[in-house]
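> First the structure, then my questions, so here it is.
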Amino acid sequence: MPQTLYPHLKVLSADDSNVIRKILKKALASFDISDVDEASDGREALDKIRENNYDVILLDWTMPRMTGLEVLKEIRKDPDKKDTPVIMITAECMKKNFVEAAQAGVSEYITKPFTAEALGKRLKRALRV
1 MPQTLYPHLK VLSADDSNVI RKILKKALAS FDISDVDEAS DGREALDKIR ENNYDVILLD
61 WTMPRMTGLE VLKEIRKDPD KKDTPVIMIT AECMKKNFVE AAQAGVSEYI TKPFTAEALG
121 KRLKRALRV
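Each residue of the sequence shown is one higher than the one before, starting from 1 at the first, in this note's numbering.
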């Protein structure tokens, strides 16, 4: 199956793990996405979201200072950012977490560990392409 490429996307990758951010950056590069900002905690992510226009936001659930879920809820309150696709990438895999994220307005949800292929599928669905 041919891979969909997204060379013009601007993405924010927010995860407190430097290793996961590197893995995400490499996976995104496989889709020709090179414009990737990074945040290591929820507060930093929210600050960057308020200062920039991202095409897609990747959020870890469990981060210091603000959880990914708290960041998601703030994004959905902002009239200028509320329609931005948000993909939650997390080890939180309990059914209640899926439900809570869906109620908060998450676009897609991926559990760790994940593959680049899984990320690509979620990107495609989140972007509705």
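Don't be surprised by glycine CBs; every beta carbon is placed ideally from N, CA and C. Fair warning: this is a prediction, and the values are worked out from it, not measured in the lab.
Note the first and the last residue of the continuous alpha helix (DSSP H) segment covering residue 75.
Numbered from its first residue, the sequence shown carries residue 75 at position 75. 68-77 is the span of the alpha helix (DSSP H), which, as asked, contains residue 75.
> Would you tell me roughly how many angstroms separate the C-alpha atoms of residue 53 and residue 46, rounded to the nearest one?
Here the question's residue 53 lines up with position 53 in the sequence shown. Here the question's residue 46 lines up with position 46 in the sequence shown. The alpha-carbon atoms of residue 53 and residue 46 are separated by roughly 12 Å.
> Should residue 2 be labelled buried (16 or more other beta-carbon atoms within 10 Å of its own) or exposed?
Here residue 2 is taken as the residue at index 2 of the sequence shown, counted from 1. Caution applies to residue 2, whose pLDDT of 45 falls short of 50 and renders its modelled position unreliable; the value that the coordinates give is listed next. Under this definition residue 2 is an exposed residue.
> Apart from the five residues on each side of it in sequence, which residues of its chain come closer than 7 Å, Cβ to Cβ, to residue 108?
Here residue 108 refers to the residue found at position 108 of the sequence shown. Cβ neighbours of residue 108 beyond the five flanking positions: 87, 122, 125 and 126.
> Give a yes or no on whether the C-beta atoms belonging to residue 110 and residue 89 are separated by under 8 Å.
Counting from one through the sequence shown, the residue named residue 110 turns up at place 110. Counting from one through the sequence shown, the residue named residue 89 turns up at place 89. Their beta carbons are under 8 Å apart, which means residue 110 touches residue 89 by this criterion.
> I'd like the list of long-range same chain contacts for residue 49, defined as Cβ closer than 7 Å, with 5 residues on each side in sequence excluded.
Counting from one through the sequence shown, the residue named residue 49 turns up at place 49. Hits under 7 Å: 12, 57, 75 and 81.
> I need the DSSP call for residue 2, collapsed to helix, strand or coil.
Residue numbering aside, residue 2 sits at position 2 when the sequence shown is read from its first letter. In this prediction, residue 2 has a pLDDT of 45, which is less than 50 and means its spatial position is unreliable; nothing more can be read from the coordinates.
> Could you tell me the alpha carbon to alpha carbon distance between residue 30 and residue 43, rounded to whole angstroms?
Walking along the sequence shown from the start, residue 30 turns up at place 30. Walking along the sequence shown from the start, residue 43 turns up at place 43. Rounded to whole angstroms, residue 30 to residue 43 spans 28 Å at the Cα level.
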